[in-house]
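Protein chains in written order, with the numbering used here: chain A, 6 to 141; chain B, 6 to 141; chain C, 6 to 141; chain D, 6 to 141. All C-beta atoms in this analysis are idealised placements derived from N, C-alpha and C, irrespective of residue type, glycine included.
There are 4 protein chains.
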Amino acid sequence: MPAEFSYVRRVQFYETDLAGIVHFSWYFRYMEEAEHALWRHLGLSISPPEPEFGFPRVNASCDFKAPLRFEDELEVRIRVESIGSRSIRYACTLCLGDAVVATGSMTSVCVAHDADGVVRSIDVPEAVVARLRGMA
Amino acid sequence: MPAEFSYVRRVQFYETDLAGIVHFSWYFRYMEEAEHALWRHLGLSISPPEPEFGFPRVNASCDFKAPLRFEDELEVRIRVESIGSRSIRYACTLCLGDAVVATGSMTSVCVAHDADGVVRSIDVPEAVVARLRGMA
Amino acid sequence: MPAEFSYVRRVQFYETDLAGIVHFSWYFRYMEEAEHALWRHLGLSISPPEPEFGFPRVNASCDFKAPLRFEDELEVRIRVESIGSRSIRYACTLCLGDAVVATGSMTSVCVAHDADGVVRSIDVPEAVVARLRGMA
Amino acid sequence: MPAEFSYVRRVQFYETDLAGIVHFSWYFRYMEEAEHALWRHLGLSISPPEPEFGFPRVNASCDFKAPLRFEDELEVRIRVESIGSRSIRYACTLCLGDAVVATGSMTSVCVAHDADGVVRSIDVPEAVVARLRGMA
Chain A
6 MPAEFSYVRR VQFYETDLAG IVHFSWYFRY MEEAEHALWR HLGLSISPPE
56 PEFGFPRVNA SCDFKAPLRF EDELEVRIRV ESIGSRSIRY ACTLCLGDAV
106 VATGSMTSVC VAHDADGVVR SIDVPEAVVA RLRGMA
Chain B
6 MPAEFSYVRR VQFYETDLAG IVHFSWYFRY MEEAEHALWR HLGLSISPPE
56 PEFGFPRVNA SCDFKAPLRF EDELEVRIRV ESIGSRSIRY ACTLCLGDAV
106 VATGSMTSVC VAHDADGVVR SIDVPEAVVA RLRGMA
Chain C
6 MPAEFSYVRR VQFYETDLAG IVHFSWYFRY MEEAEHALWR HLGLSISPPE
56 PEFGFPRVNA SCDFKAPLRF EDELEVRIRV ESIGSRSIRY ACTLCLGDAV
106 VATGSMTSVC VAHDADGVVR SIDVPEAVVA RLRGMA
Chain D
6 MPAEFSYVRR VQFYETDLAG IVHFSWYFRY MEEAEHALWR HLGLSISPPE
56 PEFGFPRVNA SCDFKAPLRF EDELEVRIRV ESIGSRSIRY ACTLCLGDAV
106 VATGSMTSVC VAHDADGVVR SIDVPEAVVA RLRGMA
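Shown next, in the form of structure tokens:
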């Protein structure tokens, strides 16, 4: 699965903090935006109107290498690093032009909600696996 | 209903923007935090685990008079300005010590979700009205 | 100044709340995004790298008419409602296709920072007024 | 430095997402709130009115073990895991009563701004090191 999906968006004013740069918590949201854009690109939605399953995070990590500023046009390059039977791991590179401003990863597990509201880990649906593998 | 409820909280780093002050969108969240703290104070929850009704906003407005900065200890004074058959209107004063930094209001309507997912305006439940009126 | 500027963006997952719809505080951020996109469209920046002046809000208000949901593609139509000597007022209509989901307004004043850090109200720079009026 | 500082706060409505639980990006903000509360507890501020130095993140990571819900009263236990000559690393455990809902870490470097605005890595000031070590 070497293929990469590119997602571009501009830094908004409210994403900056008093240090004049984007607050670090936003890098995680940028990565998530890229993930969801990738799903849409593949004809999927991470949360359709009546979801049968969901993908809560079990890990998220980011290395910050350079600041982002208001109105910067940021690119998030995301790829599916691995698909386990019950989990998906993404690797992201955040860029400003040619410069890498951060690298990060996110791992989600697939869950279903039983009738009584209990959350239960399940296999990633085959249709999702097929689409994500098809990226390569 | 002249009684006022006081809610105090500290300004967080991520609530500031590059101008060095709290972003205006946070004032609305501060008002909402005060509303929900008021409900808890009255033995209610705006969103219990299995909610039978909800309170979406129909209006929110704020006049900003002075900036808020990182680590400021803010007080939100909230009161129920009026209760209609299907709506609740709150008035808020945001203070830093004796200084008023903002005044605002929020109006919510009471809604229920039908079995088919349709949202429908309903009367504010009597138990809620009684508690909110009891503030006075 | 009847001319309107249109800004389109998609609702993100983290903008929704447990009620399954976009939290009302985000509508204010959507309006601000449209304002800043309008400034860029006119060749301006609300906050250039070394700003000589800024535009803090003195009022923001919004009437919410319909919910927004994850992945909705929202349009913000923004126009300059009036320009005072020291203030700018914007009017916004938020749409989902043909449906109006909210209407709102924001008023900002122009300020400069003296050498000693004191904030002082000033006239809106003529270059800004000319560009904003040129919209019409 | 085994000593731990405890920071308690309640989950707010706008921190939840359509899945009905707190969005993962907030866990990083909770950890930061605990860090800044720790600094205040030690008589310090991470960002005093006229800062001579700052502490941008170089890494943040979190393992999510259980969901957080609206009105949960969350405890963040934070400790200084290590102090390098130019960096500080924190380890956090997020708890709901006795249950661990997440563990995470954040590493920051100390920087100063030169007169020309260039950011430059510097040694963590001795006064800061002394206070943080004094926790033990």
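Bridge partners - residue 67 (chain C), DSSP secondary structure assignment: As a first step, residue 67 (chain C) must be located in the third sequence, where it is residue number 62. Per DSSP, the beta bridge partners of residue 67 (chain C) are B:65, C:109.
Just to confirm before moving on: does the CB-CB distance between residue 88 (chain B) and residue 137 (chain B) stay below 9 Å? The sequence position of residue 88 (chain B) within the second sequence is 83, counting from 1. The sequence position of residue 137 (chain B) within the second sequence is 132, counting from 1. Contact flag set, yes.
From the beta carbon of residue 59 (chain B), is the nearest beta carbon of chain C less than 9 Å away? Working through the second sequence from its first residue, we reach residue 59 (chain B) at position 54. Yes, contact with chain C.
Using a Cβ-Cβ cut-off of 7 Å (strictly less than) and excluding sequence neighbours within five positions of residue 11 (chain C), which residues of its own chain qualify? Position 6 of the third sequence, counting from 1, holds the residue named residue 11 (chain C). Apart from sequence neighbours up to five positions away, the residues of its chain that approach residue 11 (chain C) with a beta-carbon distance below 7 Å are 80, 82, ordered along the chain.
CB contact below 9 Å: residue 108 (chain C) versus chain D: Indexing the third sequence from 1 puts residue 108 (chain C) at position 103. Output row for residue 108 (chain C): interface = no.
List the residues that DSSP assigns as beta-bridge partners of residue 95 (chain C). Translated into the one-based positions of the third sequence, residue 95 (chain C) becomes position 90. Per DSSP, C:85, C:111.
Can you tell me whether residue 28 (chain C) is buried or exposed, with buried defined as 16 or more other CB within 10 angstroms of its CB? Taking the first residue of the third sequence as 1, we reach residue 28 (chain C) at position 23. With 16 or more other Cβ atoms within 10 Å, it is buried.
Give every residue of the same chain whose Cβ lies closer than 8 Å to the Cβ of residue 63 (chain B), excluding the five residues on either side of it in the sequence, and list them in chain order. Numbered from its first residue, the second sequence carries residue 63 (chain B) at position 58. Once the five neighbours on either side are set aside, the close Cβ partners of residue 63 (chain B) are 92, 112, 113, 114.
If you measure between the beta carbons of residue 30 (chain B) and residue 40 (chain C), is that distance less than 9 Å? Mapped onto the second sequence, residue 30 (chain B) falls at position 25. Mapped onto the third sequence, residue 40 (chain C) falls at position 35. Taking 9 Å as the Cβ cut-off, residue 30 (chain B) and residue 40 (chain C) do not qualify as a contacting pair.
Alpha carbons only, please: which of C:25, C:125, C:107, C:103 is nearest the one belonging to residue 96 (chain C)? For the purposes of this step, residue 96 (chain C) is taken as residue 91 along the third sequence, with counting starting at 1. Closest option to residue 96 (chain C), Cα to Cα, is C:107.
For residue 110 (chain D) and residue 43 (chain D), the rounded distance between their alpha carbons: Within the fourth sequence, the letter at position 38 stands for residue 43 (chain D). Within the fourth sequence, the letter at position 105 stands for residue 110 (chain D). For residue 43 (chain D) and residue 110 (chain D), the distance between alpha carbons rounds to 15 Å.
Between residue 134 (chain C) and the rest of its own chain, which residues show a CB-CB distance below 8 Å, the 5 nearest in sequence each way excluded? Taking the first residue of the third sequence as 1, we reach residue 134 (chain C) at position 129. 88.
Count the other CB atoms within 10 Å of the CB of residue 90 (chain A); is the residue buried (16 or more) or exposed (fewer)? As a working mapping, residue 90 (chain A) is identified with position 85 in the first sequence. With fewer than 16 other Cβ atoms inside 10 Å of its own Cβ, residue 90 (chain A) counts as exposed.
Give me whichever residues DSSP pairs with residue 12 (chain D) in a beta bridge. As a first step, residue 12 (chain D) must be located in the fourth sequence, where it is residue number 7. DSSP, once it has assigned bridges, lists D:81 as partnering residue 12 (chain D).
Cα-Cα, which of D:102, D:49, D:61 is closest to residue 127 (chain D)? Sequence index remark: in the fourth sequence, residue 127 (chain D) carries index 122 (1-based). Among D:102, D:49, D:61, the Cα nearest to that of residue 127 (chain D) is on D:61.
Tell me, please, whether the CB atom of residue 80 (chain A) is closer than 9 Å to any CB atom in chain C? Your numbering for residue 80 (chain A) matches position 75 in the first sequence. Output row for residue 80 (chain A): interface = no.
Residues, ordered as in the chain, of the segment 13-40 of chain A that lie near chain E by beta-carbon distance below 7 Å: Chain labels in this structure do not include chain E; the protein chains are A, B, C and D.
Taking C-beta pairs closer than 8 Å, name the residues in chain C that residue 100 (chain B) reaches, listed in chain order. By 1-based counting over the second sequence, the position of residue 100 (chain B) is 95. In chain order: nothing, as chain C lies at least about 18 Å away.
Within 9 Å of chain A by C-beta, residues of the segment 60-78 of chain B in sequence order: 74, 75
Quick check on this structure: which residue in C:49, C:32, C:118, C:86 has the alpha carbon closest to the alpha carbon of residue 71 (chain C)? Start at 1 with the first residue of the third sequence, and residue 71 (chain C) comes out as number 66. Of the listed residues, the one whose Cα sits closest to residue 71 (chain C) is C:32.
Backbone CA spacing between residue 105 (chain A) and residue 14 (chain A) [nearest angstrom]: Counted from its first residue, the first sequence places residue 105 (chain A) at position 100. Counted from its first residue, the first sequence places residue 14 (chain A) at position 9. Answer to the nearest angstrom: the Cα atoms are 15 Å apart.
For chain B, check one thing: does any of its Cβ atoms lie closer than 9 Å to the Cβ of residue 136 (chain D)? Walking along the fourth sequence from the start, residue 136 (chain D) turns up at place 131. So no, residue 136 (chain D) is outside the interface.
I need the straight-line Cα distance from residue 118 (chain B) to residue 35 (chain B), nearest angstrom please. To locate residue 118 (chain B), count along the second sequence from 1; it is residue 113. To locate residue 35 (chain B), count along the second sequence from 1; it is residue 30. So the two alpha carbons sit approximately 27 Å from each other.
Got a sec: is the Cβ-Cβ distance from residue 11 (chain C) to anything in chain A below 9 Å? Residue 11 (chain C) sits at position 6 when you count from the first residue of the third sequence. Judged by the 9 Å Cβ criterion, residue 11 (chain C) is not in contact with chain A.
Over what stretch of residues does the beta strand (DSSP E) that includes residue 118 (chain A) continue unbroken? To locate residue 118 (chain A), count along the first sequence from 1; it is residue 113. Note, residue 118 (chain A): beta strand (DSSP E), 116-118.
From residue 98 (chain B) to residue 94 (chain A), what does the alpha carbon distance come to, in whole angstroms? By one-based count along the second sequence, residue 98 (chain B) stands at place 93. By one-based count along the first sequence, residue 94 (chain A) stands at place 89. Annotation: residue 98 (chain B) to residue 94 (chain A) spans about 46 Å, alpha carbon to alpha carbon.
Cutting at 8 Å between CB atoms, please list the residues of its own chain near residue 18 (chain D), excluding the five before and the five after it. Stepping through the fourth sequence from its first residue, residue 18 (chain D) is reached at position 13. Closer than 8 Å at Cβ, skipping near neighbours: 75.
Which residues of chain A have a Cβ atom closer than 8 Å to the Cβ of residue 1 (chain D), listed in chain order? Lying before the first or after the last residue shown, residue 1 (chain D) is absent from chain D, which here runs from 6 to 141.
Figure out for me which residue from D:121, D:66, D:23, D:59 has the closest Cα to the Cα of residue 1 (chain A). The question about residue 1 (chain A) has no answer, for chain A in this structure spans 6 to 141.
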